[in-house]
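Heads up: take any position in the sequence shown, counting from 1, add 10, and you land on my numbering.
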Amino acid sequence: MHSPIVTALAGWMALALGMGIGRFAFTPILPMMQQDAGLSVADGGWLASANYLGYLLGALSIPAVRVGAAAAIRGGLVAIGLVTLAMGLTDSFAAWMLLRALAGVASAWVLVCVSAWSTEALAPLGRPMLGAAVFAGVGTGIAAAGGLCLALMYAGRGSVPAWLLLGAISLALAGLLWPVFAQSGQFVPAPGAARAEPGRPAGSLRMVLCYGSFGFGYIIPATFLPVMARAVIHDPAVFGWSWPVFGAAAAVSTFAAAAWSVALGNRRLWILGHLVMALGVMLPVFWPGMSAIILAALCVGGSFMVVTMVGMQEARQLAGTGARSLMAAMTAAFALGQIAGPLLVSGLAGVRGGFSIALVFAGLLLGASAWALRRARP
C-alpha cells in the first residue's frame with residue numbers, strides 16, 4: 011500500500027506519459043514531419059484518426075479482458091514507449107498508421123486503468139485535490155512534450171530525434187513507475203460482472219450526442235494547433251509555444267474544475283465549457299494571427315479536461331445505478347467524434363478555405379450542443 015502522495019504522483023506521471031506522449035505527442039511533431047518528411051495536412055489527419063480509432067478500440071476492449079488494472083497500466087506504458095520509439099525508426103506511412111493506432115490502444119488502457127487504480131486508493135480519503143493532481147497529468151504531459159519539441163525545433167532538429175527522445179523518455183518513466191503499479195486484486199470488470207442496469211433516463215441520448223459533439227469540436231485544434239500556428243509564423247521559437255500553452259491550461263483547469271462545479275453545477279459548467287471551446291475553435295478563422303492561436307490554446311486547453319470530467323459526473327448524477335451504460339455510450343460517442351474531426355480536415359484539404367470550414371463547423375456544433383444542454387437542464 012502506497013501513501014496517498016505516492017499514489018497521486020504515480021497516477022499523474024502515468025497519465026502524463028500515456029496521454030501527453032501516447033495520445034498527443036503527434037500534435038507538436040506534425041509540423042516537424044511536414045518539414046522533414048513531406049507530410050501533408052491530409053496525411054496528418056489520417057494518422058491522427060488512426061490513433062483515435064486505436065483509442066476507441068482500446069476502450070472497448072477493456073471490459074472484454076479480465077486483467078488486473080496494475081498489469082494493464084504496466085503493459086500500456088511499456089507499449090507506448092516502444093511504439094513511440096518505433097515511429098522514429100521507419101519512414102513507412104503504413105507503419106506509422108499502425109504504430110499510431112497501437113499507441114491509441116495503449117493510451118486508452120492507461121487512462122481507464124489509472125483512473126480506476128487511483129480512484130480506488132484516493133476516493134475514500136475525501137481529498138479531491140489529489141484526484142485533480144492525477145488528471146492534471148494529461149495537461150502536464152502535453153505541455154512537457156510540446157516544450158521538448160519546441161526545444162528541438164529551436165535547435166534545428168527534426169521529427170526523428172523527437173520520436174526517439176520521447177520514446178526513450180517513455181521507457182525510462184515506465185521503468186521508474188513499474189514497482190509502484192504492483193499487482194493487485196482489482197480487475198477491470200467484465201461485461202457479465204456488472205448488475206443489470208435500468209433503462210436510460212430521459213435526456214440520455216441528448217447527453218450522448220452532446221458529448222460526441224465535444225469530441226469532434228475539441229479534437230481539430232488538439233490535432234492541428236501547431237500546424238495552424240506554423241501557417242501564421244514560421245519561426246519555431248514562436249509557433250512552437252502553442253502546444254505547451256494548451257497543455258498548461260489543461261493542467262491548471264483540472265484543479266479549478268472542482269471549485270467551479272460547486273459554484274455553477276455540473277450542467278452549467280458543461281455548457282460554459284462548450285461555449286468557451288467554441289470561441290477558441292473559431293477565433294483563428296475570424297482573427298488570423300498568433301495572438302488568436304494562443305487564445306485558442308487557452309480556451310480549448312482550459313476547457314477540454316473540464317468538460318471531460320463534468321460530463322462524466324453529470325452522467326452519474328442523471329443515471330444513478332444506470333450510469334455505467336450511459337458513460338460507456340458517451341465515451342464511444344466522444345471517441346467517434348475524435349475520429350471524425352481529423353477525417354473531415356483531411357477530406358477538405360483540397361478545398362479552398364477547407365480548414366476554416368472545418369473549424370467553423372466544429373465551433374457551430376459546440377454552440378448547438380451547448381444550447382441543447384441548456385434546453386435539457388434539470
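Glycine included, C-beta positions come from ideal geometry on N, C-alpha and C. This structure is a prediction, so every number in the text was calculated from the model and none was measured.
Cutoff 7 Å; reference residue i; Cβ partners in own chain excluding five residues on either side
{"i": "V355", "result": "V51, G55, I230, F234, F365, A368"}
{"i": "L162", "result": "P171, A172"}
{"i": "A58", "result": "F36, T233, P352"}
{"i": "I15", "result": "none"}
Other residues of its chain near residue i: CB distance less than 8 Å, five sequence neighbours each side excluded
{"i": "I304", "result": "W251, S252, V255"}
Through-space distance from residue j to residue i, alpha-carbon basis
{"i": "P134", "j": "A69", "result": "25 Å"}
{"i": "L181", "j": "G91", "result": "5 Å"}
{"i": "D101", "j": "G64", "result": "20 Å"}
{"i": "D46", "j": "G257", "result": "25 Å"}
{"i": "L289", "j": "A192", "result": "44 Å"}
{"i": "R216", "j": "A339", "result": "11 Å"}
{"i": "A96", "j": "A104", "result": "13 Å"}
{"i": "S214", "j": "L99", "result": "45 Å"}
{"i": "P41", "j": "L285", "result": "28 Å"}
{"i": "L308", "j": "E130", "result": "32 Å"}
{"i": "R384", "j": "V218", "result": "14 Å"}
{"i": "V122", "j": "V320", "result": "16 Å"}
{"i": "A239", "j": "P38", "result": "11 Å"}
{"i": "L66", "j": "A342", "result": "7 Å"}
{"i": "V272", "j": "Q44", "result": "44 Å"}
{"i": "W119", "j": "A81", "result": "10 Å"}
{"i": "A329", "j": "L336", "result": "7 Å"}
{"i": "W188", "j": "F371", "result": "43 Å"}
{"i": "C220", "j": "I83", "result": "30 Å"}
Closest residue to residue i among the options (Cα-Cα distance)
{"i": "F145", "options": "L353, A260, V370, W381", "result": "A260"}
{"i": "G177", "options": "I31, L328, V237, S335", "result": "I31"}
{"i": "Y164", "options": "A345, V295, W127, H244", "result": "H244"}
{"i": "A350", "options": "L375, V124, A116, M29", "result": "L375"}
{"i": "Q323", "options": "W127, M107, N276, L19", "result": "N276"}
{"i": "M23", "options": "G149, A81, G85, P38", "result": "G149"}
{"i": "T94", "options": "M337, A345, L67, N61", "result": "N61"}
{"i": "G166", "options": "L132, P246, R137", "result": "P246"}
{"i": "A382", "options": "G48, G222, G78", "result": "G222"}
{"i": "L132", "options": "A20, A184, I83", "result": "A20"}
{"i": "V190", "options": "R137, S128, G168", "result": "S128"}
{"i": "F344", "options": "G85, P236, T318", "result": "T318"}
{"i": "A89", "options": "A74, G78, V75, R110", "result": "R110"}
{"i": "F249", "options": "L358, C159, A359, S13", "result": "C159"}
Chain-order list of residues whose beta-carbon lies under 6 Å from that of residue i (same chain, five-residue window excluded)
{"i": "V316", "result": "S263, A267, G283"}
{"i": "L293", "result": "A302, L305, A306"}
{"i": "G311", "result": "F256, A259, A260"}
{"i": "A18", "result": "L140, A143, V144"}
Rounded Cβ spacing between residue i and residue j (contact assumed at less than 8 Å)
{"i": "V242", "j": "G299", "result": "6 Å"}
{"i": "M287", "j": "G225", "result": "Wrong, their Cβ atoms sit about 11 Å apart, outside the cutoff."}
{"i": "G114", "j": "A26", "result": "About 17 Å; that fails the 8 Å criterion."}
{"i": "I152", "j": "F34", "result": "5 Å"}
{"i": "G373", "j": "V291", "result": "4 Å"}
{"i": "L87", "j": "A184", "result": "4 Å"}
Minimum Cβ-Cβ distance from residue i to chain D less than 8 Å
{"i": "A258", "result": "Absence of chain D from the displayed structure is noted, only one protein chain being present."}
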